[in-house]
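For reference, the structure is listed below as structure tokens.
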Amino acid sequence: MKQITAVLIGAGLRGGWVYAAYAEAHPEDMKIVAVAEPDEERRNAIAKLHDIPAERCYRDYAELLSEEKMADCALVCTQDTMHFEPVTKALEKGYHVLCEKPMSPDASEIVTMGKMAEKYNRILMICHVLRYSSFFSRIKELLSEGKIGKMISIQHIEEVGYWHHAHSFVRGNWRRADETSPMILQKCCHDMDILLWLVGSPCQKVSSFGNLTYFKEENAPEGAPERCLDGCPYRDECAFYAPGFYFEHPKAEADGLIYAVSTETDRESVIQALKTGPYGRCVFHCDNDVVDHQVVNLEFENQVTVNMTMCAFTENCARRIHIMGTDGELSGDMEKGIIELRNFSTGEKETIQLHTPSTGHSGSDTNMMKDFVKYVREDSEEVRSGASVSVESHLIALAAEQSRVTGRTVDLEQFRQDIEEK
Ligand SMILES: NC(=O)c1ccc[n+]([C@@H]2O[C@H](COP(=O)([O-])OP(=O)(O)OC[C@H]3O[C@@H](n4cnc5c(N)ncnc54)[C@H](O)[C@@H]3O)[C@@H](O)[C@H]2O)c1
């Protein structure tokens with residue numbers, strides 16, 4: 039089968055750690071032939087690993103995309119506010135595109151991107167990885183088989199994990215909504231997407247509540263310095279003590295979080311980065327403003343109601359779901375790979391144990407890349423997480439944020455109309 043070629047736009051944690059790593063592990067599927075990345079260390083590391091000649095290494099996506107098309111597809115892995123422009127330029131040049139989520143924090147850009155695949159007759163796939171997970175794929179199958187009868191209601195929880203929240207949403211890249219996107223879009227557009235997919239009906243109404251309650255100045259213990267390494271007296275008792283997390287927590291390396299702190303991951307380089315960089319700041323002395331807990335209520339056209347909770351204060355980074363139907367109920371724990379079914383009339387219980395890896399969104403990252411390669415090889419028109427279907431979940435997340443801020447229920451039809459009229 040044909041090896042597809044790709045240009046990598048943004049060689050950060052997702053671009054370098056997940057997608058380029060996929061190409062490295064699966065050379066029969068994909069080869070990275072060019073990279074655009076302003077960070078010299080990251081750019082050089084990718085160039086070396088993938089044998090990319092110097093003339094195919096760029097500091098900026100605009101330089102790369104001003105050249106003649108040089109590959110089958112473009113992997114757009116820049117930050118949230120920097121997807122729209124490279125995606126548009128890449129499609130204009132004739133690349134198929136894989137774009138990180140969220141598509142954009144801007145509603146009009148999201149709607150425009152939803153129409154782009156058709157306009158340019160190219161694949162524009164959004165990295166809604168959960169659609170490729172064995173966990174949610176199996177749940178979708180069970181629902182389609184009618185295992186719980188007619189769906190009535192869903193309770194869904196996204197447990198962010200106290201350590202993940204501190205890393206990404208207090209100290210890290212997504213701590214400020216004005217610089218990237220609101221938490222409910224950034225973290226939960228995946229959940230909105232999967233809920234929409236499972237319910238299989240348009241969403242009509244959205245209401246939401248949430249706050250940043252804990253990670254702020256007023257909760258700093260007395261005498262806690264600005265940085266953990268400035269002699270913090272709480273170092274032995276604080277769950278957020280940065281060196282404790284980056285050197286000891288199993289997820290710090292397994293999920294590649296340590297590479298956000300420093301490209302070089304020897305102890306000395308990491309300590310240096312914690313002394314001066316954002317990841318060494320006390321969690322109570324950062325400039326974060328995104329919420330640390332939020333609930334969302336949704337009502338769909340087919341009368342299914344959904345309640346979703348996102349919360350930072352959990353041990354694990356995990357998702358759990360409970361789906362209630364007329365003939366039975368289904369509950370599932372994605373991290374554990376367990377789905378339980380109960381039937382009301384027979385009283386039967388069934389437990390399904392899936393074998394899922396503990397990293398890469400329980401194996402979904404790899405599954406998604408396999409499908410993307412297949413779609414590009416086949417010039418496919420059917421894409422499981424195409425931009426046109428991803429628009430809706432993004433708009434639900436933005437509507438939830440509007441509801442949280444205004445304290446009002448949002449009518450989605452009206453919300454969509456307002457965007458179109460802008
Ligand atoms: N699909 C998922 O489950 C998932 C998970 C985490 C993050 N994300 C999303 O992936 C995206 C990237 O996240 P990340 O953690 O890799 O961030 P990152 O900051 O590590 O990577 C972004 C990279 O883009 C580079 N960049 C900046 N300007 C550029 C330019 N002009 N041209 C080319 N490159 C440029 C940066 O230097 C950086 O290396 C974000 O939108 C994020 O929300 C998705």
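In our numbering, the protein residues as written are 39 to 460.
The beta-carbon is built from N, C-alpha and C at its ideal position, and this holds for glycine as well.
The model shown is predicted, which means the values in this text are computed figures rather than measured ones.
Cβ-Cβ separation between W235 and R169: approximately 6 Å, consistent with a contact (criterion under 8 Å). Around the beta carbon of P288, a 10 Å sphere encloses fewer than 16 other beta carbons of the protein chains shown; the residue is thus reported as exposed. Our two residues, V149 and V429, have alpha carbons roughly 6 Å apart in a direct line.
Here K225 is buried, its C-beta having at least 16 other C-beta atoms within 10 Å. The continuous beta strand (DSSP E) containing H360 extends over residues A356 to G363.
For A44, the closest C-alpha among the options E93, K107, Y200 and G50 is that of K107.
If you check the C-beta of T404 against ligand 1, you find no heavy atom less than 8 Å away. When the Cα atoms are used, T404 and R160 turn out to be separated by approximately 22 Å. 9 Å or more divides the Cβ of A277 from the Cβ of C320. Put simply, the stretch 184-197 touches the stretch 335-351. At least three CB pairs are less than 8 Å apart.
In this structure, H228 is the residue among F283, H228, R81 and A128 with its C-alpha nearest to the C-alpha of L433.
If you draw a 10 Å sphere on the C-beta of P124, you find 16 or more other C-beta atoms in it, and that means buried.
Taken through DSSP and simplified to helix, strand or coil, A74 comes out as strand. Ranking A112, D98 and L103 by CA distance to the CA of K69 puts A112 first. For R380, the uninterrupted beta strand (DSSP E) run begins and ends at I376 to N381, by DSSP. For Q117, no beta strand (DSSP E) run applies, since DSSP gives it neither H nor E.
Taking the Cα positions, G54 is about 35 Å away from F247.
For the pair E138 and C165, the CB atoms are nearer than the 9 Å cut-off.
Every unbroken stretch of the beta strand (DSSP E) spanning 3 or more residues and falling wholly within the stretch 135-217 is given here in chain order: 162-164 and 189-197. V45 has its CB no nearer than 8 Å to any heavy atom of ligand 1. Pairing Y200 with T347 gives a Cβ-Cβ distance that is not under 9 Å.
Rounded to whole angstroms, the separation of the alpha carbons of E275 and E255 is 18 Å. Counting C-beta atoms within 10 angstroms of its own C-beta, T218 has 16 or more neighbours from the protein chains shown and is therefore classed as buried. If you draw a straight line from the Cα of I84 to the Cα of T116, it is about 15 Å long. In this structure, DSSP gives C227 a helical state, which the three-state scheme calls helix.
The beta carbon of V328 is closer than 8 Å to those of F207, W212, R213, R214, A215, P220, M221, Q224 and L250 in its chain, skipping five residues each way along the sequence.
Within the model, the alpha-carbon separation for V308 versus D268 is close to 15 Å.
Look at the beta carbons and you see the stretch 126-133 not touching the stretch 54-65: under three pairs across the two are nearer than 8 Å. Within the stretch 262-346, the complete alpha helix (DSSP H) segments of 4 residues or longer fall at 280-286, 288-292, 296-299 and 305-314, listed in chain order.
In this structure, K139 has its CB closer than 8 Å to one or more heavy atoms of ligand 1. Only exposed fits T444, as fewer than 16 other CB atoms lie within 10 angstroms of its CB.
Between R422 and I42, the CB-CB gap reaches or exceeds 9 Å. No Cβ-Cβ contact shorter than 9 Å links H194 with H393. In the three-state reduction of the DSSP assignment, I390 falls in the strand class, which pools E and B.
Take the alpha-carbon of E386 and the one of S239: they are about 29 Å apart. Taking non-hydrogen atoms of ligand 1 into account, the C-beta of T397 is found less than 8 Å away from none of them.
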